[in-house]
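*Asks:*
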Amino acid sequence: MTPVTELRDAVEAAVGALGDGTPARARPTLERPKQAGHGDYATNAALLLAPALGAPPREVAERLGDELRERLGPALDRVEVAGPGFLNLFLADRWYAQALAGVLDAGEAFGGGGADPARVVNVEFVSANPTGPIHVGHTRNAAYGDALARLLEFGGHTVHREFYVNDFGSQVQRFGESIQARARGEEPGEEGYRGEYIEDIARRIPDAATAPVADVARRGVELMVEAIAQSLERFRVRFDTWFSERSLHEAHPPDPSPVEHAFDVLAEQGRTYRSDGALWLRTTEFGDDKDRVLERSSGEHTYFASDIAYHQLKRERGFNLLINVLGADHHGYVGRMHAAFEALGGAPDELELLIMQLVQLVEGGRRSSMSKRRGEFVTIDELVDEIGVDAARWYLLARSHETTIEVDLDLAREQSSENPVYYVQYAHARISSVLQKAGEERVRRALAGEPGDVELHDAERTLIKKLLAFPDEVAEAIERRAVHRIAAYALELAQTFTAFYRDCQVVGVEPDVEELRLRLSVATRRTIARALDLLGVSAPDAM
RNA sequence: GCCCCUGUAGCUCAGCUGGAUAGAGCAGCGGACUUCUAAUCCGCAGGUCGCAGGUUCGAAUCCUGCCAGGGGCGCCA
Numbered sequence: 174m175t176p177v178t179e180l181r182d183a184v185e186a187a188v189g190a191l192g193d194g195t196p197a198r199a200r201p202t203l204e205r206p207k208q209a210g211h212g213d214y215a216t217n218a219a220l221l222l223a224p225a226l227g228a229p230p231r232e233v234a235e236r237l238g239d240e241l242r243e244r245l246g247p248a249l250d251r252v253e254v255a256g257p258g259f260l261n262l263f264l265a266d267r268w269y270a271q272a273l274a275g276v277l278d279a280g281e282a283f284g285g286g287g288a289d290p291a292r293v294v295n296v297e298f299v300s301a302n303p304t305g306p307i308h309v310g311h312t313r314n315a316a317y318g319d320a321l322a323r324l325l326e327f328g329g330h331t332v333h334r335e336f337y338v339n340d341f342g343s344q345v346q347r348f349g350e351s352i353q354a355r356a357r358g359e360e361p362g363e364e365g366y367r368g369e370y371i372e373d374i375a376r377r378i379p380d381a382a383t384a385p386v387a388d389v390a391r392r393g394v395e396l397m398v399e400a401i402a403q404s405l406e407r408f409r410v411r412f413d414t415w416f417s418e419r420s421l422h423e424a425h426p427p428d429p430s431p432v433e434h435a436f437d438v439l440a441e442q443g444r445t446y447r448s449d450g451a452l453w454l455r456t457t458e459f460g461d462d463k464d465r466v467l468e469r470s471s472g473e474h475t476y477f478a479s480d481i482a483y484h485q486l487k488r489e490r491g492f493n494l495l496i497n498v499l500g501a502d503h504h505g506y507v508g509r510m511h512a513a514f515e516a517l518g519g520a521p522d523e524l525e526l527l528i529m530q531l532v533q534l535v536e537g538g539r540r541s542s543m544s545k546r547r548g549e550f551v552t553i554d555e556l557v558d559e560i561g562v563d564a565a566r567w568y569l570l571a572r573s574h575e576t577t578i579e580v581d582l583d584l585a586r587e588q589s590s591e592n593p594v595y596y597v598q599y600a601h602a603r604i605s606s607v608l609q610k611a612g613e614e615r616v617r618r619a620l621a622g623e624p625g626d627v628e629l630h631d632a633e634r635t636l637i638k639k640l641l642a643f644p645d646e647v648a649e650a651i652e653r654r655a656v657h658r659i660a661a662y663a664l665e666l667a668q669t670f671t672a673f674y675r676d677c678q679v680v681g682v683e684p685d686v687e688e689l690r691l692r693l694s695v696a697t698r699r700t701i702a703r704a705l706d707l708l709g710v711s712a713p714d715a716m
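For the first sequence, my numbering begins at 174 and goes up steadily by one.
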């Protein structure tokens, strides 16, 4: 129970008392008004209640104000009815001091937990083809998937990070052929992979020129996966499982292969049929616009079949929420995968396919397309070399995953020193410095003390309110899978702290005041560090 | 043709499950360093929220149509 939820409960109770059971049109809001002078918190409850009561909104607001005064007592300084019928609440300084105490008591857990129900989540992301290094598009996917996983964990879920390795099928064959061609000093074919890294790999496979292509391909994929894992590690992304697509096609007698097993599950439910020599899945029964092939007339399995088997296996492994972070070029696949998931007997809300919009690469003011086959792309390592992990992660996470972003490496390089991430980190370093100046002993005493009865500065009230908003921000970010909200919040919190720092001397003022300001500094420092951690960005003590 | 995302300040983007005077960063202009860290702060300037209708006490936000940009519509992966 946070101070803000207590307030919200009081408002809802007051609404209940007035409304007498008549349902309001919607849940009343309790928000921090943008406009100073509109109170610390404001509610539109009266506007929503007025039609049901048949009374003018402003009059309803007056009555609501009386109810709230009674419920909140001395915590409430005063209420004002404003505009068409908003009710503005002005809280007493004592309320603020108590609220801050609540934040400090929550400690590292402040803003987290509360997942209901807590789920066992498998977050599958990146899953780039292991036929080349990963580029900025995958890097965005990596940053987002990892931050989402961090958020879900912080919210109280159990999270497993997974990378699906597409080590099966024709592109792997082509990959092997390209390596072999290079090993023999030849050009890869028209459809082959032409990037420089292919030569590297060819050099690292001793018998690449003569070994069977399948072996070369397998070894090439292994090397590539190793390299990808290293790059991602450097980017602070670790996977719990690297899942091989090929393994889905391998049977371990007497058990059938996972793909055959999935076919059996589907057949039992009567979801498949044969036509034109192929095996089809009736995805149309679940809203897809056409049925899909699982096994071609040639007897080969489609990629879709692998994926179905993979999802079935994830279910059997005990996850009750499967999240896949996909590039926008996969959106056509969402409908059929959901259909297949239901055909397997999965509940619709246990599979979530999140579509990330793409990264456009810009070079010399012109859009260029990223092609792995032609070897034209900016790799994760180049990006990190140029601007560093913190700036890269911030840059990729500060925008909604639903919007296309442009990456101009020249511009990114040029502007990286202006990246807002440094502003946030600087605020954190600055607080560390202030606390250091105060000394451990004084900080410890301040934290051990009771919230005093000092009159607050506006900047202090604003900062406390900003801190109190954190749990809601986290909850909303999780709810909407909107990681960028955390970045926006971190920046705002840093700005709010900086204003406080400007207006309020911390160390060396009256003991009561210093104590409160030290407490406020500690709470802010922790919250900034937490927000940065959720994004996978470091929180330095000095800059 | 159908489907998904986007269109908000010069640029990059927040705000979008309806609320009061639409925000931030960068870029621009003018100011502030005997400080608790100037990687900072203060001020100024900058907007037909793509366009047109509709819903309502109230629309950047919801609905419809149109325009523009990106992506997708395989027995490819």
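Beta carbons are placed, not taken as given, at the ideal position from N, Cα and C, and that holds for glycine.
Helix, strand or coil for LEU578? Go by DSSP, reduced to three states.
*Replies:* Note on identity: in this sequence residue 578 is Ile, with Leu being the wrong assignment. The answer is strand: DSSP assigns ILE578 an E or B state.
*Asks:* Fully enclosed by the segment 396–450, which beta strand (DSSP E) runs are 3 residues long or longer?
*Replies:* Complete beta strand (DSSP E) runs here, min 3: 414–417, 445–448.
*Asks:* Could you check whether VAL466 and TRP453 sit closer than 8 Å to each other, using their CB atoms as the reference points?
*Replies:* The answer is yes: Cβ separation under 8 Å.
*Asks:* Compute the distance between the beta-carbons of GLY329 and GLY286, then report whether it is under 8 Å.
*Replies:* A contact, by the Cβ cut-off of 8 Å.
*Asks:* If the criterion is Cβ atoms closer than 8 Å, does the pair ARG615 and LEU691 meet it?
*Replies:* For ARG615 and LEU691, yes; Cβs fall inside 8 Å.
*Asks:* Is the separation between the beta-carbon of VAL432 and that of SER479 shorter than 8 Å?
*Replies:* Cβ distance < 8 Å, so VAL432 and SER479 count as in contact.
*Asks:* Would you mind working out which of ARG347, GLN346, PRO379, GLY365 sits nearest ALA356, comparing C-alpha positions?
*Replies:* Among ARG347, GLN346, PRO379, GLY365, the Cα nearest to that of ALA356 is on PRO379.
*Asks:* How far does the beta strand (DSSP E) with GLU210 in it extend, from its first residue to its last?
*Replies:* The sequence given here places Gly at residue 210; Glu does not occur at that position. That residue, GLY210, is in no beta strand (DSSP E); it is neither H nor E in DSSP.
*Asks:* Pick helix, strand or coil for GLU359, following the three-state DSSP scheme.
*Replies:* Note: GLU359 maps to coil in three-state DSSP.
*Asks:* With DSSP as the reference, label ASP563 as helix, strand or coil.
*Replies:* Here ASP563 sits in helix by DSSP.
*Asks:* Relative to the alpha-carbon of VAL233, which residue among ARG376, ALA274, ASP461, ALA190 has its alpha-carbon at the smallest distance?
*Replies:* The residue with the shortest Cα to Cα distance from VAL233 is ALA190.
*Asks:* In chain order, what are the residue ranges of uninterrupted alpha helix (DSSP H) at least 4 long that sit wholly in the segment 302–378?
*Replies:* With a minimum length of 4 residues, the continuous alpha helix (DSSP H) runs that stay inside the segment 302–378 are 309–327, 343–356, 370–377.
*Asks:* Take LEU128 as the anchor and find which of GLN588, ARG407, PHE298, ARG236 has the nearest alpha-carbon.
*Replies:* What is shown of the chain runs 174 to 716, which leaves residue 128 out entirely.
*Asks:* In this structure, how does DSSP classify GLY500 when only helix, strand and coil are distinguished?
*Replies:* Here GLY500 sits in strand by DSSP.
*Asks:* How would you label ASP461, buried or exposed, when you count the other beta carbons within 10 angstroms and need 16 or more for buried?
*Replies:* Flag for ASP461 reads buried.
*Asks:* Please confirm whether PHE514 and HIS484 have their CB atoms less than 8 Å apart.
*Replies:* Going by C-beta atoms, PHE514 is nearer than 8 Å to HIS484.
*Asks:* Do GLU687 and GLY695 count as a contact pair if the criterion is CB distance below 8 Å?
*Replies:* This sequence places Val at residue 695; Gly is not what is there. Not closer than 8 Å, so no.
*Asks:* Using the three-state DSSP reduction, which class does GLN530 fall into: helix, strand or coil?
*Replies:* Residue state, collapsed to three classes: coil.
*Asks:* Can you find at least 3 beta carbon pairs, one from the segment 552–572 and one from the segment 659–674, that sit closer than 8 Å?
*Replies:* The segment 552–572, when compared against the segment 659–674, does touch it at the 8 Å Cβ threshold.
*Asks:* Does VAL254 come out as helix, strand or coil in the three-state DSSP assignment?
*Replies:* Looking at VAL254 - three-state DSSP - the assignment turns out to be strand.
*Asks:* For ARG200, which of helix, strand or coil comes out of DSSP?
*Replies:* Three-state result, ARG200: coil.
*Asks:* Hey, out of GLU364, LEU237, LEU264, whose CA is closest to ASP631's CA?
*Replies:* Out of GLU364, LEU237, LEU264, LEU264 has the C-alpha closest to the C-alpha of ASP631.
*Asks:* Can you look up HIS630 in the DSSP assignment and give me helix, strand or coil?
*Replies:* Correct three-state label for HIS630: coil.
*Asks:* Quick one: residues in its chain with C-beta nearer than 6 Å to the C-beta of THR457, no 5 flanking neighbours on either side, listed in chain order?
*Replies:* Answer for THR457: ASP464, listed in chain order.
*Asks:* Cα separation between LEU636 and GLY256?
*Replies:* The alpha-carbon atoms of LEU636 and GLY256 are separated by roughly 26 Å.
*Asks:* Based on the DSSP secondary-structure assignment, which residues constitute the bridge partners of THR552?
*Replies:* THR552 is bridged to HIS308.
*Asks:* ARG658 lies in the alpha helix (DSSP H); which residues open and close that run?
*Replies:* Where ARG658 is concerned, the enclosing alpha helix (DSSP H) stretches over 657–676.
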